[in-house]
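To start, the structure itself, in C-alpha cells.
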Amino acid sequence: RAPAEVSPWAAPVTPETGAVAASPDAEPRCDGAARWPAEGLAGPQEADEEEPPNTPLPRVRDYPPRVAEVIAAVEQVVSDIVGAAVHAFGSSVNGFGETTSDIDLVLEATKASLKHALDLGKKVSKRELAPKTLLRLQSRLMQARFEVMERVLGAKVPILKLRWYGTECDLSCNNLLPVFNTRLLKAYADGDPRCIDIVHQFKRWAKDRNCHGAAFGHFSSYSMTLMVIFYMQIRGALPCFQRVAPDQSRSIYYEGSKRYDVTMDLDASAPNPGADVSFRDFAKFFIDEFQWGKQVVSIRRGERLLADEFPELRMNFRAETKPYEVEQMLHIEDPFDIVRNLNCVLSSGSNQKLWWALADVEKYSSGGGTERRCKAEQKSAAPPPPPP
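Quick note on the numbering used here: the sequence shown kicks off at 664 and runs consecutively.
What follows is the structure in C-alpha cells.
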C-alpha cells in the first residue's frame, strides 16, 4: 500500500492521558508524576470551556513503508470518524529504532466525533473517552485482520496491543505529546548519524549486561537515547534545538491547566560538527566527567548543570531505594514534560549496575580490566559504590 498522507491539523482536543509500560523499551509513567498530555491538541472540552490556541502537531513527510502500511490499515478502520487522523511516534519513526521495533500509533479525534461515530453514549468523561474508544474499535480492528493481543485499558494511557501480519503495534487515543518528542529526536538522528550508532551500541551493551528496560527496573531505550544526545551536545557534535530557539516566539501546548513549551529551532547547527565522538568516549564521559547525583542529563538545556538549576524536576524514588543510591542517582529530564525525572523507574541497585556497565566499556576497549575499576573508584564524578 502507498504511504498514508499525514492528516492536517484537526480540531483541538484534550484527552485524559499518561503512559504505560507496554514493553521493555516503553517508558512507564511514574506514580505522582505529571502525565503525558495529548500532543499538540487541546483536549476534549465542554461546550462552555475555552482554551488557548494550541501548537499544531509536527508534520511527517514520509513514514517508513512498514509504518505507513499499518497507519493506512488503521485509517481505513476509522474512516467514518470525522476529522480522525492516525500518527506514529516512538522508536519506529524517530530514527533510533531497529527495523523490528514495535510501532506506536495514536488516534487523534475530537470527543464529539468519537461519540457520534462509535456511539459512546451521551455522557463520557475525559477519563473514559480513550478506553471506551479503544474498546469499541476492537471488533473493527479484528475485522480488518488485526490481532488484538492484549487490552491495557486501565492504564494512564490506555492502549490496545495489536499485531498486523506479524508487525506488533500499540494503539492509543489522543496521546499526542509524544509526537512532538518524536520530531525532536528525529532531528537529532538526522543531524549526525553517529548518534544512532552510539545509541545502538549502548543498548546492546546494556542488554548484554542485564541493565536495560523500564519494565525490569532499568532505564529504557528512550532514556538511553537522551543520554547519548546529551553527551554529543556536550562534545559540540549536536546542537541544542530547544535552548537556541528564540524567546519571542514560543510554541506552547496546553492540556487543561498544564502548559508545555514545545519550542524547537530545528535549523540550528552543531557548534563543532567534526568533534570526535564514539561509544567508548560516551562511556568515559559518564564515568570520568559527569557527576552522578549532582548534575542532570537534559537535552533541553544541553549543558552540564547542577540539579538546583532544575527546580521543577521531581526527585521521587522507589520506596526500596537506599539513601546512598539517592545521593548518586542519575537524573534524566524529559525534554518537554520537565517535571518528569526518568530515573523514577529504577529498582534498587539498577543505578550502580549501569555505572559499572559503562565502566567496563573501556575494559573491553583497551584491556584495562581491574586496573580501570580501581582508578574509576577514585574519580571526582562520584560513582556509585561497587556492587556487593
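Note that CB positions come from ideal geometry on N, CA and C, so glycine has one too. Please read all numbers here as calculations on a predicted model, not as lab measurements.
- Look at Ala-775 here: in three-state DSSP terms it is helix.
- In the three-state reduction of the DSSP assignment, Ala-946 falls in the helix class.
- For Lys-824, the enclosing beta strand (DSSP E) stretches over residues 822 to 827.
- For Asp-924, the uninterrupted beta strand (DSSP E) run begins and ends at 921 to 924, by DSSP.
- At a Cβ-Cβ threshold of 8 Å, Leu-768 and Ile-744 do not count as neighbours.
- Below 8 Å, too few C-beta pairs join the stretch 750 to 768 and the stretch 786 to 803 to call them touching: fewer than three.
- The DSSP assignment places complete alpha helix (DSSP H) segments of no fewer than 4 residues inside the stretch 782 to 866 at 789 to 806, 840 to 854, in order along the chain.
- Residue state for Gln-1015 is assigned as helix, using DSSP reduced to three classes.
- With respect to the C-alpha of Lys-947, the residue from Ser-912, Trp-1018, Tyr-987, Phe-973 having the closest C-alpha is Trp-1018.
- When only Cα atoms are considered, Val-907 and Val-940 end up about 22 Å apart.
- Annotated three-state conformation of Leu-1005 is helix, per DSSP.
- Shown here, Asp-1000 sits in coil according to DSSP, grouped into three states, outside any helix or strand.
- Rounded to whole angstroms, the separation of the alpha carbons of Asp-910 and Ile-995 is 24 Å.
- Within the model, the alpha-carbon separation for Pro-794 versus Val-740 is close to 17 Å.
- Taken through DSSP and simplified to helix, strand or coil, Gln-739 comes out as helix.
- For Phe-759, no beta strand (DSSP E) segment is defined, and its DSSP state is neither H nor E.
- Rounded to the nearest whole angstrom, the CA to CA distance from Arg-799 to Arg-872 is 42 Å.
- C-alpha of Val-737 to C-alpha of Met-992: approximately 41 Å in a straight line.
- Between Ala-772 and Gly-746, the beta carbon gap of about 6 Å places them in contact (Cβ cut-off 8 Å).
- For Phe-752, the uninterrupted beta strand (DSSP E) segment begins and ends at 748 to 752.
- Here the alpha carbon of Met-927 sits roughly 14 Å from the alpha carbon of Asp-1000.
- Taking a contact to require three or more Cβ pairs closer than 8 Å, the stretch 978 to 989 and the stretch 840 to 850 do not qualify as touching.
- Between Leu-847 and Phe-904, the C-beta gap is smaller than 8 Å, which places the two residues in contact.
- The residue among Gly-829, Leu-823, Thr-845, Val-811 with its C-alpha nearest the C-alpha of Cys-836 is Leu-823.
- Per DSSP, Gln-911 lies in no alpha helix (DSSP H) segment and is marked neither H nor E.
- If you draw a 10 Å sphere on the C-beta of Asn-1014, you find 16 or more other C-beta atoms in it, and that means buried.
- Spanning the alpha carbons of Ala-1022 and Phe-953 requires a straight line of approximately 13 Å.
- DSSP, read as helix, strand or coil, puts Leu-770 in strand.
- At least 8 Å separates the beta-carbon of Gln-864 from that of Ile-962.
- Gln-954 carries a coil assignment under DSSP once its states are collapsed to helix, strand and coil.
- Counting the other Cβ atoms within 10 Å of the Cβ of Ile-861 gives 16 or more, which makes it buried.
- Under the three-state reduction of DSSP, Leu-968 is assigned to strand.
- Distance from the CA of Pro-727 to the CA of Arg-943, rounded to the nearest whole angstrom, comes to 31 Å.
- Counting other Cβ atoms within 10 Å of its Cβ, Asn-1006 reaches 16 or more and is therefore classed as buried.
- With contacts defined as CB atoms closer than 8 Å, Gly-817 and Val-1008 fail to qualify as a contacting pair.
- If you draw a straight line from the Cα of Pro-936 to the Cα of Cys-858, it comes to about 12 Å.
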